[in-house]
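**Student:**
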Amino acid sequence: MFPFNFEWAWDIPHLVFHGALWYVLSIVGLGLTYCIIKSAVDTFREEDKGDNH
Amino acid sequence: METTPLIPQGVKRCSKLQFSLWMAVAVAVLLWGVYAMYLVWFKGLNQTNMNDAYGFALWIWADLAVIALGGGAFFTGFLTYIIGKDKLKNIINYAVIIGFICYSSALLILAIDIGQPLRGWFIFWHANEHSMLTEVAFCLSCYFGVLTIEFLPTIFENPKLDKIPFLHHLSHNMHSIMAVFAATGVFLSFFHQGSLGGVAGVLFGRPFSYREGINVWPWTFFLFTWSAAACGPCFTILITWITEKLTRKKLVKDDVIQLLAKISGWMLATYIIAKIADTLYWAMVTAPSMGFNLMDFYTNNPVYGIWILILEIVICGIVPAAILITRKGRESKFLLMLAVVLAVVGVCVNRWVMVLQTLAVPVVPFEEWFMYAPSWQEVATTILPVAYGVIVISLAHRYLPVFPQERELNPSN
Chain A
1 MFPFNFEWAW DIPHLVFHGA LWYVLSIVGL GLTYCIIKSA VDTFREEDKG
51 DNH
Chain B
1 METTPLIPQG VKRCSKLQFS LWMAVAVAVL LWGVYAMYLV WFKGLNQTNM
51 NDAYGFALWI WADLAVIALG GGAFFTGFLT YIIGKDKLKN IINYAVIIGF
101 ICYSSALLIL AIDIGQPLRG WFIFWHANEH SMLTEVAFCL SCYFGVLTIE
151 FLPTIFENPK LDKIPFLHHL SHNMHSIMAV FAATGVFLSF FHQGSLGGVA
201 GVLFGRPFSY REGINVWPWT FFLFTWSAAA CGPCFTILIT WITEKLTRKK
251 LVKDDVIQLL AKISGWMLAT YIIAKIADTL YWAMVTAPSM GFNLMDFYTN
301 NPVYGIWILI LEIVICGIVP AAILITRKGR ESKFLLMLAV VLAVVGVCVN
351 RWVMVLQTLA VPVVPFEEWF MYAPSWQEVA TTILPVAYGV IVISLAHRYL
401 PVFPQERELN PSN
């Protein structure tokens, strides 16, 4: 799973297989992180607006 | 009938007493399954009727079947978010919930089946890149994560949770990039549905399931993905119809169901043509080249006759496809439901054949057929996900705004 595992080898099957896995995990992770950060920003902005009124 | 702040506005649900009684029945069945699960984990796989001939048995069939039936989530998501069939937004929430139940059930069954669940992480950490099942494990786990992400906005839309500003915004923001998650889900589904078929197709020592193909992918790889995309939406339609009957309410407009049924019908029709071509080539070329005739796989045993092939391809393949691709067939409620039930049964029979019959067929002349009947522990743990599904669907229907058209279709609420 990781290059520091003893059975890891720098060959095509490892790169394709694990490359696809980490690619997918990165997209899902980044998408989720974007949503969480944007939601936090939106919430704080909304609270600020509420305080100003 | 009563309305509480937890229940979405503008809809009515049954009383707490009725709901509690209904849930009590489901929980009782669930507990029976949990007890069997406890026995398997505590005492080991000797609680099953698996043996040297059946390393894969009822659980793996159940796994393959629920994954195929849960395919409605990825294919409806693909049609909604990637192809742009906006009408399907009225059923996508339910398709996702059904998919979530199917995939979490598949993972639960696998956790029981591996016998040593504490070592479940080995397949990720010590991955065998040459195994189709490693790809299945990777894609299955990742796709379950994606389905959870797709399910979360619906949970956050519960009236009480929606009042929390952060969750309200999170739900909105997750909806806004749902196409990214849906596309990832389609990618993952294509490969794990296919690899499940590939597992049977690459068994060159078992002429019943072995298939030729393209490069490392046998034809079964593509047939499994195709059949899941065709029959998964049929399962979504079937569960929606059952929910409507139980709640005595119309939840989704007919045109939405008609559209999904039509697309499903054409997928099923093209799939069954490919399946017939695959079966003919296997029966006339592949199996004879390995020293077998077609009827060797369907005689000299008490269960598997040629009827199972006719059931899978003709009765549960050609018939539902013919109904679903014709307007008259789709518009008749009886024929529509007959077709979706047959399609669902058909994909389950296909998975049974590719797992259980594959293992039953003798591969050398001096062997007899290997027959198998599951133990009650295997049956109970296979029924467990059904009870779990009933509980999740009941809770989701009661407390979440799953069906956007419900208020419009039931104005007396």
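Residue numbers (my numbering), protein chains in the order written: chain A, 1 to 53; chain B, 1 to 413. Quick reminder that beta carbons are idealized off the backbone N, C-alpha and C, glycines included.
1. Are the C-beta atoms of residue 13 of chain A and some chain B residue less than 9 Å apart?
2. Can you tell me whether residue 213 of chain B is helix, strand or coil according to DSSP?
3. Once DSSP output is grouped into helix, strand and coil, what is the label at residue 330 of chain B?
4. Below 8 Å, can you find three or more Cβ-Cβ pairs linking the segment 102-113 of chain B to the segment 274-293 of chain B?
5. Kindly say whether residue 130 of chain B, judged by its beta-carbon, lies nearer than 9 Å to any beta-carbon of chain A.
6. Please report the residue range of the alpha helix (DSSP H) in which residue 357 of chain B lies.
7. Of all the alpha helix (DSSP H) runs that stay within the bounds of the segment 120-175 of chain B, which reach a length of 4 or more residues?
8. Please decide whether residue 49 of chain A counts as near chain B, where near means a Cβ-Cβ distance under 9 Å.
9. From the DSSP secondary-structure annotation, give me the bridge partner or partners of residue 218 of chain B.
10. Taking CB distances under 9 Å as the criterion, tell me whether residue 184 of chain B reaches chain A.
11. Alpha carbons only, please: which of B:389, B:119, B:411, B:412 is nearest the one belonging to residue 99 of chain B?
12. Just checking, does the segment 48-63 of chain B make contact with the segment 373-393 of chain B on the three C-beta pairs under 8 Å criterion?
13. Can you pull the chain A neighbours of residue 181 of chain B, defined as C-beta to C-beta under 8 Å?
14. Quick one, are the C-beta atoms of residue 153 of chain B and residue 175 of chain B less than 9 Å apart?
15. Which bits of chain A does residue 194 of chain B rub up against, with CB to CB less than 8 Å?
16. Show which residues of chain A have a CB atom less than 7 Å away from the CB atom of residue 165 of chain B.
17. Quick check on this structure: which residue in B:404, B:387, B:161 has the alpha carbon closest to the alpha carbon of residue 422 of chain B?
18. On the DSSP letters alone, give me the boundaries of the alpha helix (DSSP H) that residue 316 of chain B sits inside.
19. Answer with yes or no whether the minimum CB distance from residue 154 of chain B to chain A is below 9 Å.
20. Counting only the same chain and skipping the five closest in sequence on each side, list residues whose C-beta sits under 6 Å from that of residue 96 of chain B.
21. Comparing the C-beta of residue 17 of chain A with each C-beta of chain B, is any distance below 9 Å?
22. Interface residues of chain A around residue 126 of chain B at Cβ under 7 Å?
23. Hey, would you say residue 340 of chain B sits closer than 9 Å to residue 289 of chain B, going by beta carbons?
24. Would you please verify whether the beta carbon of residue 78 of chain B is less than 9 Å from any beta carbon of chain A?
25. Pick from B:252, B:361, B:193: whose alpha carbon is nearest that of residue 292 of chain B?
26. For my contact list, residue 357 of chain B and residue 208 of chain B are in at a C-beta cut-off of 8 Å; report their separation, rounded to the angstrom.
27. Chain A beta carbons: is any one of them nearer than 9 Å to that of residue 67 of chain B?
28. For the alpha helix (DSSP H) that contains residue 254 of chain B, what are its first and last residues?
29. Report the residue from B:137, B:30, B:172, B:65 whose alpha carbon sits nearest the alpha carbon of residue 37 of chain A.
30. Look at the alpha carbon of residue 80 of chain B and the alpha carbon of residue 411 of chain B, and state the distance between them as a whole number of angstroms.
31. What residues from chain A crowd round residue 42 of chain B, counting only those whose CB sits closer than 8 Å?
32. When the cut-off is 9 Å and only beta carbons count, does residue 174 of chain B lie next to chain C?
33. What residues in its chain sit with their C-beta under 8 Å from that of residue 336 of chain B, if we drop five residues either side in the sequence?
34. Is the segment 127-146 of chain B touching the segment 44-54 of chain B, taking contact as three or more C-beta pairs under 8 Å?
**Tutor:** Considering the structure as presented:
1. yes
2. strand
3. helix
4. no
5. yes
6. Where residue 357 of chain B is concerned, there is no enclosing alpha helix (DSSP H), given that its DSSP letter is neither H nor E.
7. 122-125, 132-156, 159-162
8. no
9. B:213
10. yes
11. B:389
12. yes
13. 28, 31
14. yes
15. Those within 8 Å of residue 194 of chain B in chain A number zero; the least Cβ separation is about 13 Å.
16. 43, 46
17. Residue coverage of chain B in this structure runs from 1 to 413, which leaves residue 422 of chain B outside it and unanswerable.
18. That residue, residue 316 of chain B, is in no alpha helix (DSSP H); it is neither H nor E in DSSP.
19. no
20. 73, 150, 151
21. yes
22. 7
23. no
24. no
25. B:361
26. 7 Å
27. no
28. 254-281
29. B:172
30. 27 Å
31. Simply none; closest approach about 30 Å.
32. Considering every chain present, this structure includes no chain C. Its protein chains are A and B.
33. 237, 257, 261, 323, 324, 329, 330
34. no
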